Amino acid sequence: MFKKYRILKWILIVFTGIIVTLVVFGWWFMSLLPSAENNIDITTSQISDLPYVSENIIPKRGKILAIVTSTDTMGNTDKSTGYELTELSRAYYVFQANGFEVDIASPLGGEPPMVIDDEDMGAFDFAFLNDSIARYKTKNTIPVNDIDPSNYEGVFFAGGKGAMFDFPENKSIQSIIRYLYQSNKVIGAVCHGPAALVNVQLDNGTFLLENKKVSGFTNDEELLLIPDAATIFPFLLQDKLISQGASFSEGTMYLENISHDKNLITGQNPWSTWVLAETMITQLGYTPKYRKITAEENAIKVLKVYEKEGSKKAKELIKKICTVEHKPFDRILIAKHSIISAMQGKIGRFFSLVGLTSYAKNITID
404 MFKKYRILKW ILIVFTGIIV TLVVFGWWFM SLLPSAENNI DITTSQISDL PYVSENIIPK
464 RGKILAIVTS TDTMGNTDKS TGYELTELSR AYYVFQANGF EVDIASPLGG EPPMVIDDED
524 MGAFDFAFLN DSIARYKTKN TIPVNDIDPS NYEGVFFAGG KGAMFDFPEN KSIQSIIRYL
584 YQSNKVIGAV CHGPAALVNV QLDNGTFLLE NKKVSGFTND EELLLIPDAA TIFPFLLQDK
644 LISQGASFSE GTMYLENISH DKNLITGQNP WSTWVLAETM ITQLGYTPKY RKITAEENAI
704 KVLKVYEKEG SKKAKELIKK ICTVEHKPFD RILIAKHSII SAMQGKIGRF FSLVGLTSYA
764 KNITID
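Positions in the sequence shown are counted from 1; adding 403 to them yields this note's numbering.
Written as structure tokens, this is what we have:
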């Protein structure tokens with residue numbers, strides 16, 4: 404009897420110890436992140452605050468069409484969706500800064516549903532929300548049925564899970580892509596945006612995707628956050644692109660990765676938007692206008708080095724970025740990737756990335 408109580412006592416002590424350890428670790432982990440009171444308020448950002456867009460204005464070179472989803476619900480679920488603001492806003496300003504007027508269209512026209520991820524919002528994204536012209540265009544999108552593709556030098560498909568439902572079967576979207584692709588104009592799509600490429604057939608009867616190198620939101624990225632994605636969406640994007648003959652380029656989960664196959668340029672996820680849009684400018688025959696790399700992009704560079712060369716090299720790059728080059732750095736993104744590792748059960752990787760976050764805090768000033 405007494406032995407039984409001793410066992411229960413030790414179980415309680417161990418359990419309490421685990422809880423205390425988790426609480427302390429959680430408090431320490433949160434201390435690695437920048438203090439909210441020290442953050443600069445970027446919610447009121449305007450175009451005038453973005454020298455990249457407002458200064459050294461390039462004369463007009465033509466027009467690019469951006470297409471977003473009209474779908475507001477994921478299939479038969481009650482989960483809301485729409486187009487990802489950050490994927491549209493960042494591409495929009497790259498095109499504008501490089502001399503291209505941007506029209507925005509959607510399958511249904513009017514005001515499509517917008518998805519805002521507060522944690523990923525930056526100055527460009529808030530400036531877009533405060534830009535009266537950009538907001539007018541998003542509230543009054545052009546129905547794709549009314550688009551004359553001959554007016555454009557290229558088309559860009561923003562992502563958002565809604566694209567999985569109303570892009571693939573839309574005949575007007577297919578017609579726009581077919582015309583521009585066969586006219587050697589530029590086709591760009593990011594994250595779930597490549598769903599627009601599904602079912603597009605060229606005049607010779609072959610699928611556009613056949614033997615093309617492409618990127619898009621991967622199965623692993625989809626299933627980590629939505630385990631039942633295969634039953635919610637009409638297909639998993641990676642599987643569908645491959646089934647139509649594409650050579651799928653899968654980069655590291657939630658890190659920048661694009662595929663550039665002549666005039667077809669595709670990106671894996673939201674973090675690929677900047678480089679994808681600038682690659683479209685290059686494909687159009689122009690040198691992209693100089694743009695200061697964001698803190699998020701610098702963190703992505705570090706994570707890429709971490710993936711290929713390990714923690715030591717990643718720390719060396721952090722030190723170079725922060726103390727030698729004095730460039731902005733987003734250690735929150737490093738912390739997010741540590742959490743992703745924990746979700747995947749990669750405990751060693753989790754602690755390694757937490758250590759990287761801690762190192763970044765020690766050499767940066769909030």
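For glycine and all other residues, C-beta sits at the position ideal for the given N, C-alpha and C. These numbers were taken from a predicted model, which means no experiment stands behind them.
(request) Please classify residue 729: does DSSP put it in a helix, a strand, or coil? (result) Locating residue 729 in the sequence shown gives position 326, counting from the first residue. Three-state DSSP puts residue 729 in coil, outside helix and strand.
(request) Check whether the stretch 515 to 534 touches the stretch 451 to 461, counting contact only when three or more Cβ pairs, one atom from each stretch, lie closer than 8 Å. (result) Taking 8 Å as the limit for Cβ pairs, the verdict is that the stretch 451 to 461 does touch the stretch 515 to 534.
(request) Using the Cα positions of residue 448 and residue 563, report the straight-line distance between them to the nearest angstrom. (result) Position 45 of the sequence shown, counted from the start, is the residue given in the question as residue 448. Position 160 of the sequence shown, counted from the start, is the residue given in the question as residue 563. Whole-angstrom Cα-Cα distance: 24 Å.
(request) Determine the closest residue to residue 684 out of 703, 544, 498 and 615, with distance taken between C-alpha atoms. (result) Working through the sequence shown from its first residue, we reach residue 684 at position 281. Here the closest residue by C-alpha is 498.
(message) I'd like to check one pair, residue 491 with residue 524: are the Cβ atoms closer than 9 Å?
(response) As a working mapping, residue 524 is identified with position 121 in the sequence shown. As a working mapping, residue 491 is identified with position 88 in the sequence shown. Not in contact: residue 524 and residue 491 (Cβ atoms no closer than 9 Å).
(request) Count the other CB atoms, across all protein chains shown, that sit within 10 Å of the CB of residue 427; report buried if there are 16 or more and exposed otherwise. (result) Counting from one through the sequence shown, the residue named residue 427 turns up at place 24. With a pLDDT of only 43 at residue 427, under 50, the local geometry of the prediction cannot be trusted, and no value is derived from it.
(message) Looking at the secondary structure, which residues open and close the beta strand (DSSP E) in which residue 557 lies?
(response) Numbered from 1 along the sequence shown, position 154 holds the residue referred to as residue 557. Per DSSP, residue 557 belongs to the beta strand (DSSP E) from 557 to 560.
(message) Taking the alpha carbon of residue 538 as the reference point, which residue from 560, 554, 515 and 556 has its own alpha carbon closest?
(response) Counting from one through the sequence shown, the residue named residue 538 turns up at place 135. Measuring from the Cα of residue 538, the nearest candidate turns out to be 515.
(message) Measuring alpha carbon to alpha carbon, tell me which residue in 508, 522 and 610 is nearest residue 560.
(response) On the sequence shown, residue 560 is found 157 positions in, with the first residue counted as 1. Among 508, 522 and 610, the Cα nearest to that of residue 560 belongs to 508.
(request) Return the CA-CA distance between residue 590 and residue 520, expressed in angstroms with no decimal places. (result) Locating residue 590 in the sequence shown gives position 187, counting from the first residue. Locating residue 520 in the sequence shown gives position 117, counting from the first residue. Their backbone Cα atoms lie some 26 Å apart in a straight line.
(request) Assign residue 696 to one of three DSSP states: helix, strand, or coil. (result) Sequence index remark: in the sequence shown, residue 696 carries index 293 (1-based). Coil.
(message) Counting C-beta neighbours from all protein chains within 10 Å, is the total for residue 463 16 or more, i.e. buried, or is it exposed?
(response) Residue 463 sits at position 60 when you count from the first residue of the sequence shown. Under this definition residue 463 is an exposed residue.
(request) Go through its chain and collect everything with a Cβ distance to residue 644's Cβ below 8 Å, but skip five positions before and after it. (result) Residue mapping note: residue 644 aligns to position 241 of the sequence shown, counting from 1. 597, 600, 601, 612, 617, 619 and 651.
(request) Taking only the alpha-carbon atoms, compute the straight-line gap between residue 468 and residue 607 and give it to the nearest angstrom. (result) Here residue 468 is taken as the residue at index 65 of the sequence shown, counted from 1. Here residue 607 is taken as the residue at index 204 of the sequence shown, counted from 1. The alpha-carbon atoms of residue 468 and residue 607 are separated by roughly 25 Å.
(message) Tell me which residues share the same chain as residue 663 and place their Cβ nearer than 7 Å to its Cβ, disregarding the 5 neighbours each side in the sequence.
(response) Within the sequence shown, residue 663 is the residue found at index 260, counting from 1. Contacts found: 682.
(message) So, does the stretch 687 to 702 touch the stretch 728 to 742, judging by three or more C-beta pairs under 8 Å?
(response) yes
(message) Just to confirm before moving on: does the CB-CB distance between residue 553 and residue 584 stay below 9 Å?
(response) To locate residue 553, count along the sequence shown from 1; it is residue 150. To locate residue 584, count along the sequence shown from 1; it is residue 181. With respect to the 9 Å criterion, residue 553 and residue 584 are not classified as neighbours on the basis of their beta carbons.
(message) In whole angstroms, give me the CA-to-CA distance for residue 574 and residue 510.
(response) Along the sequence shown, read from residue 1 onward, the residue named residue 574 stands at position 171. Along the sequence shown, read from residue 1 onward, the residue named residue 510 stands at position 107. Rounded to whole angstroms, residue 574 to residue 510 spans 10 Å at the Cα level.
(message) Quick check for students: name the residue ranges of the alpha helix (DSSP H) that lie wholly in the stretch 734 to 765, counting only runs of 4 or more.
(response) 734 to 746
(request) Would you mind listing the beta strand (DSSP E) stretches within the stretch 538 to 580 that are 3+ residues and don't spill past its ends, in chain order? (result) Secondary structure remark: continuous beta strand (DSSP E) runs of at least 3 residues inside the stretch 538 to 580, in chain order: 557 to 560.
(message) Quick test of your reading: residue 724 and residue 701, contact by CB under 8 Å. State the CB separation rounded to the nearest angstrom.
(response) Counting from 1 along the sequence shown, the entry for residue 724 is found at position 321. Counting from 1 along the sequence shown, the entry for residue 701 is found at position 298. Yes, residue 724 and residue 701 are in contact; Cβ-Cβ is about 5 Å, under 8 Å.
(request) Report the rounded CA-to-CA distance for residue 637 versus residue 764, giving the unit in angstroms. (result) As a working note, residue 637 is residue 234 in the sequence shown. As a working note, residue 764 is residue 361 in the sequence shown. Between residue 637 and residue 764, the C-alpha separation is close to 43 Å.
(message) Which same chain residues end up closer than 7 Å to residue 587 when comparing Cβ atoms and leaving out the 5 residues on each side of it in sequence?
(response) Position 184 of the sequence shown, counted from the first residue, corresponds to residue 587. The answer, listed in chain order, is 666.
(request) State yes or no: is the beta carbon of residue 619 nearer than 9 Å to at least one beta carbon in chain D? (result) Reference to chain D is not applicable here, since this structure consists of a single protein chain.
(request) In the DSSP assignment, find the unbroken alpha helix (DSSP H) run with residue 526 in it and report its ends. (result) Here residue 526 refers to the residue found at position 123 of the sequence shown. Segment 526 to 532, the alpha helix (DSSP H) holding residue 526.
(request) Could you check what DSSP says for residue 498 in three-state terms: helix, strand or coil? (result) Mapped onto the sequence shown, residue 498 falls at position 95. Reduced to three states, the DSSP call for residue 498 is helix.
(message) At the level of alpha carbons, what is the spacing between residue 726 and residue 614?
(response) As a working note, residue 726 is residue 323 in the sequence shown. As a working note, residue 614 is residue 211 in the sequence shown. Computed Cα separation, rounded: 45 Å.
(request) Could you tell me whether the Cβ atoms of residue 472 and residue 486 are closer together than 9 Å? (result) One-based indexing of the sequence shown puts residue 472 at position 69. One-based indexing of the sequence shown puts residue 486 at position 83. In contact: residue 472 and residue 486 (Cβ atoms closer than 9 Å).
(message) As a quick exercise: from 551, 680 and 565, pick the residue whose alpha carbon is nearest that of residue 481.
(response) Sequence index remark: in the sequence shown, residue 481 carries index 78 (1-based). That would be 565, whose Cα lies nearest to the Cα of residue 481.
(message) Rounded to the nearest angstrom, what separates residue 557 and residue 747 at their Cα positions?
(response) The count along the sequence shown starts at 1 and reaches residue 557 at position 154. The count along the sequence shown starts at 1 and reaches residue 747 at position 344. If you take the alpha carbons of residue 557 and residue 747, they lie about 38 Å apart.
(request) Less than 8 Å between the CB atoms is what I'm expecting for residue 703 and residue 759, so what's the real figure, rounded? (result) Here residue 703 is taken as the residue at index 300 of the sequence shown, counted from 1. Here residue 759 is taken as the residue at index 356 of the sequence shown, counted from 1. The pair is not a contact, with the Cβ atoms about 13 Å apart (cut-off 8 Å).
(request) Using the Cα positions of residue 675 and residue 593, report the straight-line distance between them to the nearest angstrom. (result) Translated into the one-based positions of the sequence shown, residue 675 becomes position 272. Translated into the one-based positions of the sequence shown, residue 593 becomes position 190. Rounded to whole angstroms, residue 675 to residue 593 spans 7 Å at the Cα level.
(message) I need the straight-line Cα distance from residue 642 to residue 699, nearest angstrom please.
(response) In the sequence shown, residue 642 corresponds to position 239, counting from 1. In the sequence shown, residue 699 corresponds to position 296, counting from 1. Approximately 29 Å, taken between the alpha carbons.
(request) Within the same chain, show all residues whose beta-carbon is closer than 6 Å to that of residue 547, passing over the 5 residues directly before and after it, in chain order. (result) In the sequence shown, residue 547 corresponds to position 144, counting from 1. The answer, listed in chain order, is 508, 510, 575 and 576.
(message) Mapping the DSSP letters down to three states, classify residue 406 as helix, strand or coil.
(response) Residue 406 sits at position 3 when you count from the first residue of the sequence shown. Unreliable positioning characterises residue 406 in this predicted model, as indicated by a pLDDT of 49, which lies under 50. The coordinate reading is nonetheless provided below. DSSP places residue 406 within a helical segment (H, G or I) once states are collapsed to three.
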